[in-house]
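Chains as they are written, first to last, in numbering that gives the first Met the number 0: chain A, 0 to 238; chain B, 0 to 238.
Protein chains: 2
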Amino acid sequence: MTLTTNFQPLYKQVYDVLVKRLVDGYWKPAETLPSEFALAKELGVSQGTVRKALNQMVAEKLLRRRQGKGTYVSEHTQESSLYRFFRYREPGGEKVIPETTVISTRRRKATKPEQLTFNLDSKLQLVEMIRLRTINDLPAIYEIVLQPLALFPDIDKERDLPNSLYTLYQEKYGVSVVEVRDELSAVILTEEVADQLALKAGSAALKNTRASISIDGRVIEVSTAYCSSDNFVYSVTIK
Amino acid sequence: MTLTTNFQPLYKQVYDVLVKRLVDGYWKPAETLPSEFALAKELGVSQGTVRKALNQMVAEKLLRRRQGKGTYVSEHTQESSLYRFFRYREPGGEKVIPETTVISTRRRKATKPEQLTFNLDSKLQLVEMIRLRTINDLPAIYEIVLQPLALFPDIDKERDLPNSLYTLYQEKYGVSVVEVRDELSAVILTEEVADQLALKAGSAALKNTRASISIDGRVIEVSTAYCSSDNFVYSVTIK
DNA sequence: CAGTGGTCTAGACCACGCC
DNA sequence: GCGTGGTCTAGACCACTGA
Numbered sequence: 000m001t002l003t004t005n006f007q008p009l010y011k012q013v014y015d016v017l018v019k020r021l022v023d024g025y026w027k028p029a030e031t032l033p034s035e036f037a038l039a040k041e042l043g044v045s046q047g048t049v050r051k052a053l054n055q056m057v058a059e060k061l062l063r064r065r066q067g068k069g070t071y072v073s074e075h076t077q078e079s080s081l082y083r084f085f086r087y088r089e090p091g092g093e094k095v096i097p098e099t100t101v102i103s104t105r106r107r108k109a110t111k112p113e114q115l116t117f118n119l120d121s122k123l124q125l126v127e128m129i130r131l132r133t134i135n136d137l138p139a140i141y142e143i144v145l146q147p148l149a150l151f152p153d154i155d156k157e158r159d160l161p162n163s164l165y166t167l168y169q170e171k172y173g174v175s176v177v178e179v180r181d182e183l184s185a186v187i188l189t190e191e192v193a194d195q196l197a198l199k200a201g202s203a204a205l206k207n208t209r210a211s212i213s214i215d216g217r218v219i220e221v222s223t224a225y226c227s228s229d230n231f232v233y234s235v236t237i238k
Numbered sequence: 000m001t002l003t004t005n006f007q008p009l010y011k012q013v014y015d016v017l018v019k020r021l022v023d024g025y026w027k028p029a030e031t032l033p034s035e036f037a038l039a040k041e042l043g044v045s046q047g048t049v050r051k052a053l054n055q056m057v058a059e060k061l062l063r064r065r066q067g068k069g070t071y072v073s074e075h076t077q078e079s080s081l082y083r084f085f086r087y088r089e090p091g092g093e094k095v096i097p098e099t100t101v102i103s104t105r106r107r108k109a110t111k112p113e114q115l116t117f118n119l120d121s122k123l124q125l126v127e128m129i130r131l132r133t134i135n136d137l138p139a140i141y142e143i144v145l146q147p148l149a150l151f152p153d154i155d156k157e158r159d160l161p162n163s164l165y166t167l168y169q170e171k172y173g174v175s176v177v178e179v180r181d182e183l184s185a186v187i188l189t190e191e192v193a194d195q196l197a198l199k200a201g202s203a204a205l206k207n208t209r210a211s212i213s214i215d216g217r218v219i220e221v222s223t224a225y226c227s228s229d230n231f232v233y234s235v236t237i238k
């Protein structure tokens, strides 16, 4: 263990080592990490330094800690964090849980801009998945999801796709989404999308263009969602 | 200094004391706080405990620290944080700086729901301010702002309102906005608003209903903004 | 140079979960 | 009781700032 080569603070070097272990799958979601003292001994630093690195990772929601039990790798499949990235609410802020049905999937080549987004080569194959999300049995969100086939082999042959794709990414492909970037705008619906949302063509809808980022910083999914603005809002708190 | 009465961790008690001093205006924006050792001595705790409380406040952006210089109360008037709550961008993410002109101001009684929002009594007087924000000389955002007159006496008589109302709240009224809650939806513009935004009536626009929260947790402003969706998006990152 | 915050260590004690 | 993480302390040294 050579921790002394960089000019980074020790705790940052420890942090980098630990994050790399998560990225490499050395520790998997829900797994228990060694105790602070065990890590400190292994890495040749003091327990307080390990603690500082661990706490930073907790702040970034990569880990969870429970007093008396231990330190765990976050599963983004838990109720508490499963809907962390799902920002649609009833006006006033009431949480809402969506159901999902897949309308279609197909494979296609990535366009130039898409290649740039995913930062991959020109042979990039994508899966394009179209989904309809319903809330309280009302059609609410029409969603076009793009995934690089290289990251998610045969994802289009998956039957029983879960309600949350992020769960699938993590459990089946070992890819954890830790950040999303949304761009919201308003559009007039085309007839096709309006039909799916049981709205009139010409209605206004929220359009959300989302890039999902994994633990190693890569964009691993891009989606465009059209949300019926009659009954739902996109709700976000900025601190 | 009695810090031992609660069953809170020491650093949390220190945190509460320090936050209270900010709320009460004992320390004002841009002011330098005493050093860690000075605070530790005054409060009868160790320097490490003070540091933990200070660092939490830095994480919440209430304070800023500079090695070798000291600890400062955040001014939300700085370039870096001034536009922290301004989320409109060009598609693709390029930052954008708005200009603002006030269209009208008037005083009126609060409605029942508004009284609830501001958590004040029934005699609550509001100032209703209508503003147009332009970006690169193009009308972009039409905004209706509601402020309790009790919090901001004679704010409607202010001339030369600044581009950022938050700056005014802080500098003139000692009220710091530390959090905003946005609810986004899509609407079809009425003729009146469309005219102001130089759009056709019937165009789609982003509607943003925002509550602004001050350091003591109260809602101190409510606004409704209509943003031309042709050239701008609302951009947000969730981690 | 003195004073500030930033890092790192070592050790004590507490609170919690589990056997 | 034992092992875990959580808090608190005390002290050392470093890095940056400004007189």
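Beta carbons: idealized from backbone N, C-alpha and C, even for Gly. As the structure is a prediction and not an experimental result, all values here were calculated from the model.
Under 7 Å by beta carbon: chain A residues contacting residue i
i	result
residue 64 of chain B	The premise fails here: residue 64 of chain B is roughly 15 Å from chain A at the closest Cβ pair, so nothing lies under 7 Å.
residue 112 of chain B	By Cβ distance, chain A contributes nothing, its closest Cβ being about 10 Å from residue 112 of chain B, past 7 Å.
Length of the line joining the Cα atoms of residue i and residue j
i	j	result
residue 97 of chain A	residue 116 of chain A	28 Å
residue 137 of chain A	residue 130 of chain A	14 Å
residue 9 of chain B	residue 156 of chain B	45 Å
residue 57 of chain B	residue 60 of chain A	19 Å
residue 197 of chain B	residue 142 of chain B	14 Å
residue 77 of chain B	residue 25 of chain A	43 Å
residue 15 of chain A	residue 80 of chain B	28 Å
residue 68 of chain B	residue 33 of chain B	11 Å
residue 265 of chain A	residue 195 of chain A	With chain A covering only 0 through 238, there is no way to say anything about residue 265 of chain A.
residue 211 of chain B	residue 152 of chain A	45 Å
residue 113 of chain B	residue 215 of chain A	45 Å
residue 83 of chain A	residue 109 of chain B	34 Å
residue 239 of chain A	residue 74 of chain B	The requested residue 239 of chain A does not occur in the structure, where chain A is confined to residues 0 to 238.
residue 105 of chain B	residue 158 of chain B	14 Å
residue 171 of chain B	residue 27 of chain B	12 Å
residue 174 of chain B	residue 166 of chain A	42 Å
residue 95 of chain B	residue 168 of chain B	22 Å
residue 229 of chain A	residue 229 of chain B	21 Å
residue 20 of chain A	residue 62 of chain A	12 Å
Outcome for residue i when other beta-carbon atoms lying within 10 angstroms are tallied against a minimum of 16
i	result
residue 219 of chain B	buried
residue 6 of chain B	exposed
residue 70 of chain A	buried
residue 66 of chain B	exposed
residue 48 of chain B	buried
residue 103 of chain A	exposed
residue 209 of chain B	buried
residue 107 of chain A	exposed
residue 181 of chain B	buried
residue 132 of chain A	buried
Partner residues on chain A for residue i, Cβ-Cβ distance less than 8 Å
i	result
residue 19 of chain B	Neighbours of residue 19 of chain B on chain A: none; closest Cβ ~19 Å, over 8 Å.
residue 80 of chain B	Near residue 80 of chain B there are no residues of chain A at all, since even the closest Cβ is about 11 Å away, more than 8 Å.
Partner residues on chain B for residue i, Cβ-Cβ distance less than 9 Å
i	result
residue 51 of chain A	None at all; the shortest Cβ gap to chain B is about 11 Å.
residue 161 of chain A	Per Cβ cutoff of 9 Å: no residues; residue 161 of chain A is ~20 Å from chain B at best.
residue 90 of chain A	182, 184 and 208
C-beta contact flag for residue i and residue j at 8 Å
i	j	result
residue 206 of chain A	residue 225 of chain A	yes
residue 150 of chain A	residue 124 of chain A	no
residue 176 of chain A	residue 146 of chain A	no
residue 41 of chain A	residue 72 of chain A	no
residue 134 of chain B	residue 231 of chain B	yes
residue 46 of chain A	residue 39 of chain A	yes
residue 162 of chain B	residue 99 of chain B	yes
residue 200 of chain B	residue 185 of chain B	no
residue 160 of chain A	residue 101 of chain A	yes
residue 235 of chain B	residue 86 of chain B	yes
residue 237 of chain A	residue 18 of chain B	no
residue 139 of chain A	residue 213 of chain A	no
Residue i Cβ short of 7 Å to the ligand COA heavy atom set
i	result
residue 127 of chain B	Looking at this structure, you won't find the ligand COA or any other ligand, since it has none at all.
Within chain B, the residues that residue i reaches when beta carbons sit closer than 8 Å
i	result
residue 140 of chain A	Here the premise fails: no neighbours, minimum Cβ distance about 13 Å.
residue 234 of chain A	180, 181, 182 and 183
residue 157 of chain A	Near residue 157 of chain A there are no residues of chain B at all, since even the closest Cβ is about 26 Å away, more than 8 Å.
residue 152 of chain A	The premise fails here: residue 152 of chain A is roughly 28 Å from chain B at the closest Cβ pair, so nothing lies under 8 Å.
residue 213 of chain A	By Cβ distance, chain B contributes nothing, its closest Cβ being about 12 Å from residue 213 of chain A, past 8 Å.
Cross-chain neighbours of residue i in chain A, by beta carbon under 9 Å
i	result
residue 205 of chain B	183, 184, 185 and 205
residue 237 of chain B	83, 84, 86, 178, 179, 180, 181 and 235
residue 59 of chain B	238
Any alpha helix (DSSP H) of 4 or more consecutive residues that is wholly inside the stretch 63-137 of chain A:
Taking only runs of at least 4 residues, the alpha helix (DSSP H) segments lying wholly in the stretch 63-137 of chain A are 78-81 and 111-117.
In chain order, which continuous runs of the alpha helix (DSSP H) of length 4 or greater are located wholly inside the stretch 186-224 of chain B?
190-195
Write down every uninterrupted run of the alpha helix (DSSP H) in the stretch 24-58 of chain B whose length is 4 residues or greater and which is fully enclosed by it, in chain order.
35-42 and 46-58
Threshold first: 4 residues or longer. Then list the alpha helix (DSSP H) segments lying entirely within the stretch 150-181 of chain B, N to C.
164-172
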